[in-house]
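Participant: Below is the structure I would like to discuss, written out as structure tokens.
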Amino acid sequence: MSRMKIAGLLALALIASAGYWGYSYYEKIKPFQEFSNPELVTVNFRSAHSTFPTYDLKAPVEQLAFTRRDDISLPETYEYKGETRSLEDLLARTYTTGFMVAVDDTIISEEYFQGEQASDRHIMFSVSKSVVSAALGIALSEGVFDSIEDPITKYLPELNGSGYEGVRIKDILQMSSGVYFNEDYSDPLSDVNQMGLTIATGGSLNSFATGLERQWEPGTYNNYVSVDTHVLGMLLVKQTGRTLSNYVEEKIWQPMGAEFDGKWLTDGFGMEMAMGGFNMALRDMARVGRLYLNLGELNGTRIVPAEWVTASITPDAPHLMPGSENSSNPFGYGYQWWIPEEPHGDFYAAGIYYQYIYIDPTTGVIVAKTSADQKFTDPNEPRKKGEQIAAFQAISAHVAAQLKAQEHGEVIE
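Position one of the sequence shown corresponds to residue 1177 (the numbering used here), numbered consecutively onward.
This is the structure:
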């Protein structure tokens, strides 16, 4: 056979091989691409656990039930930036799928939209971070690791040489690790979307974390880095010798009396997506809210240390305060929990596409919200986080006023 024929056959073989691997890669990333397709997110966000690898967190035999009352209404309007706006319109504009308001253990309102059902396990995205924080507080109290003042590399030496080398666990908890990370979901080349491709192609999030570099001095600037929470998940898995799902199931999910099984998405190596892969039902979101409303205790059972809950919702450095110049956002931050721009003791967990658990200890009000905002990645669409928190604060005040009026035999419209 001539050299030209051999060269031609080799070229055809390379083209065929490239075509095969290209097709194989496309098939791997196709579910990831379709998952965030604006036209499909409504269904995808309540069925993510059927699409991607998942661990189950079994609900206990006995649930911690809610009571119900229908004599308390929600406000029709709220104030935001000097304007009176409609609550009904806000729920529609943010493509809400589930919305629940409770006062401690009593449900005031519970509604589902766009085909959502009470039993649907909706992906929480970054609300998952707040659950990881609770698990970390429990682990610390059990002596699983020594102190949040320790450098993370004391327990995870594989992070030496990365942006996490020598960084305190506390700084990672407070999104102040100093690690560079582009969290722009509308930019296909951003770090957060590259991280998504790592998951889609069966890669390792642990390995992804080791490749990040430092941008700021740790503990000086509040920059939202989702991989910070993944590193906390790595710490829990390493020190407990268990999966994150198994640990949370035993320490939080079952003791808090969850109604439905939880679902936690994993990467290709069986490691949970600690920063955003938890899936739960709306009422169980409210149960997480009850747990933190009651400083980590439910029905006389201590689940999360009270001092950890308090520290988690208390910014303790200038760069963590609402409106700080040394922050990439206008909100305050604790241990994976958010503080409003204008706080009065209230706090919340939040996830992209507008998932929320809002808690107001001054009134006992809890708001749980799942959403699938089809315009979330549109760069021309205004962000609605601050507006929604303002609406939750208005709901809390309105509900509290009605309860107080009823105590005095009054009626408030």
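Glycine included, each C-beta is placed from N, C-alpha and C at the ideal position.
Taking the alpha helix (DSSP H) that W1638 falls in, what are its first and last residues?
Facilitator: As displayed, the chain neither begins before 1177 nor continues past 1589, which places residue 1638 out of reach and without an answer.
Participant: Using DSSP with H/G/I as helix, E/B as strand and the rest coil, what is L1411?
Facilitator: Three-state DSSP puts L1411 in a helix.
Participant: Would you grab the beta carbon distance between S1304 and A1450 for me? Rounded to a whole angstrom, and I think it's under 8 Å.
Facilitator: Confirmed, about 7 Å.
Participant: Between R1390 and G1354, is the Cβ-Cβ spacing less than 8 Å?
Facilitator: Yes. Within cutoff.
Participant: Check whether the Cβ atoms of V1279 and V1541 sit closer than 8 Å, and answer yes or no.
Facilitator: Taking 8 Å as the Cβ cut-off, V1279 and V1541 qualify as a contacting pair.
Participant: Which partner residues does V1543 have in the DSSP bridge list?
Facilitator: V1277, Y1534, per the DSSP bridge assignment.
Participant: Between A1544 and S1306, what straight-line distance do the alpha-carbon atoms span, to the nearest angstrom?
Facilitator: Whole-angstrom Cα-Cα distance: 14 Å.
Participant: What residue range does the beta strand (DSSP E) around S1285 cover?
Facilitator: 1282-1288 is the span of the beta strand (DSSP E), which, as asked, contains S1285.
Participant: Say whether the region 1247-1259 touches the region 1562-1570, bearing in mind that this needs 3 or more beta-carbon pairs closer than 8 Å, one atom from each stretch.
Facilitator: Flag = yes, the region 1247-1259 and the region 1562-1570 touch.
Participant: Which first and last residues belong to the beta strand (DSSP E) in which K1526 is found?
Facilitator: Here residue 1526 is Ala; the residue named in the question, Lys, does not match the sequence. Residues 1523-1527.
Participant: Given this structure, state the Cα-to-Cα distance separating V1401 from I1348, to the nearest angstrom.
Facilitator: Going from the Cα of V1401 to the Cα of I1348 covers about 9 Å.
Participant: Got a sec, what are the start and stop residues for the alpha helix (DSSP H) L1432 sits in?
Facilitator: In the sequence as displayed, the identity of residue 1432 is Met instead of Leu. Note, M1432: premise wrong, no alpha helix (DSSP H); not H, not E.
Participant: Looking at the structure shown, is N1398 part of a helix, part of a strand, or coil, going by DSSP?
Facilitator: N1398: strand per DSSP, three-state reduction.
Participant: With 16 other CB atoms within 10 Å as the buried threshold, where does L1469 fall?
Facilitator: Under this definition L1469 is a buried residue.
Participant: Where DSSP assigns a beta bridge to P1514, which residues make up the other side?
Facilitator: What sits at residue 1514 in the sequence shown is Trp, not Pro. According to DSSP, W1514 bridges with Y1509, Y1524.
Participant: According to the Cβ coordinates, are P1519 and G1313 closer than 8 Å?
Facilitator: Against a cut-off of 8 Å, the Cβ pair of G1313 and P1519 comes out as no contact.
Participant: Can you have a look at Q1582 and say buried or exposed, based on whether 16 or more other CB atoms are within 10 angstroms of its CB?
Facilitator: Its Cβ having fewer than 16 others within 10 Å, Q1582 is exposed.
Participant: To test your reading of the DSSP string, which unbroken alpha helix (DSSP H) runs of 4 or more residues are found completely within the region 1317-1385?
Facilitator: Segments of the alpha helix (DSSP H) lying fully in the region 1317-1385: 1345-1349, 1367-1376.
Participant: For D1536 and K1346, what's the separation of their Cα atoms in angstroms?
Facilitator: C-alpha separation (whole angstroms): 25 Å.
Participant: With burial defined as no fewer than 16 other Cβ atoms inside 10 Å of the residue's Cβ, what is the status of D1404: buried or exposed?
Facilitator: It counts as buried.
Participant: Give me the Cβ distance between G1444 and S1380, rounded to the nearest whole Å; I'm assuming they're in contact under 8 Å.
Facilitator: That pair is a contact at about 7 Å.
Participant: Considering only C-alpha positions, which residue in the set W1429, E1393, R1261, L1240 is nearest to A1310?
Facilitator: Per the Cα distances, W1429.
Participant: With H, G and I counted as helix, E and B as strand and the rest as coil, what does DSSP make of S1212?
Facilitator: Looking at S1212 - three-state DSSP - the assignment turns out to be coil, as it is neither helix nor strand.
Participant: I'd like the ranges of any alpha helix (DSSP H) spanning at least 4 consecutive residues and lying wholly in the region 1430-1474.
Facilitator: If we require 4 residues or more, the alpha helix (DSSP H) runs fully inside the region 1430-1474 come out as 1458-1469.
Participant: For a test of the three-state rule: what should DSSP assign to H1406, helix, strand or coil?
Facilitator: The answer is helix: DSSP assigns H1406 an H, G or I state.
Participant: Report the rounded CA-to-CA distance for Y1397 versus Q1350, giving the unit in angstroms.
Facilitator: When rounded, the distance between both Cα atoms is 10 Å.
Participant: Does chain B have any CB closer than 8 Å to the CB of V1320?
Facilitator: No chain B is present in this structure, which holds just one protein chain.
Participant: Give the C-beta separation of V1217 and Q1550 to the nearest angstrom, bearing in mind that I take them to be a contact with Cβ-Cβ under 8 Å.
Facilitator: About 6 Å; that satisfies the 8 Å criterion.
Participant: Rounding to the nearest angstrom, what Cα-Cα distance links S1323 and I1489 in this structure?
Facilitator: Cα-Cα distance, rounded: 18 Å.
Participant: Going by CA-CA distance only, name the one from A1376, Y1288, P1229, N1399 that's closest to G1510.
Facilitator: The residue with the shortest Cα to Cα distance from G1510 is N1399.
Participant: So is the beta-carbon of M1497 under 7 Å away from any non-hydrogen atom of the ligand COA?
Facilitator: For the ligand COA, the structure offers nothing, since it holds no ligand at all.
Participant: Could you please give the first and the last residue of the uninterrupted alpha helix (DSSP H) stretch that includes D1232?
Facilitator: Here D1232 belongs to no alpha helix (DSSP H); instead the beta strand (DSSP E) covers 1230-1233.
Participant: Which value, in whole angstroms, describes the spacing of the CA atoms of Q1209 and W1440?
Facilitator: Roughly 20 Å between the two C-alpha positions.
Participant: Excluding five sequence neighbours on each side, which residues of the same chain lie with their C-beta closer than 6 Å to the C-beta of L1579?
Facilitator: Counting only Cβ-Cβ distances below 6 Å, and skipping sequence neighbours, we find nothing.
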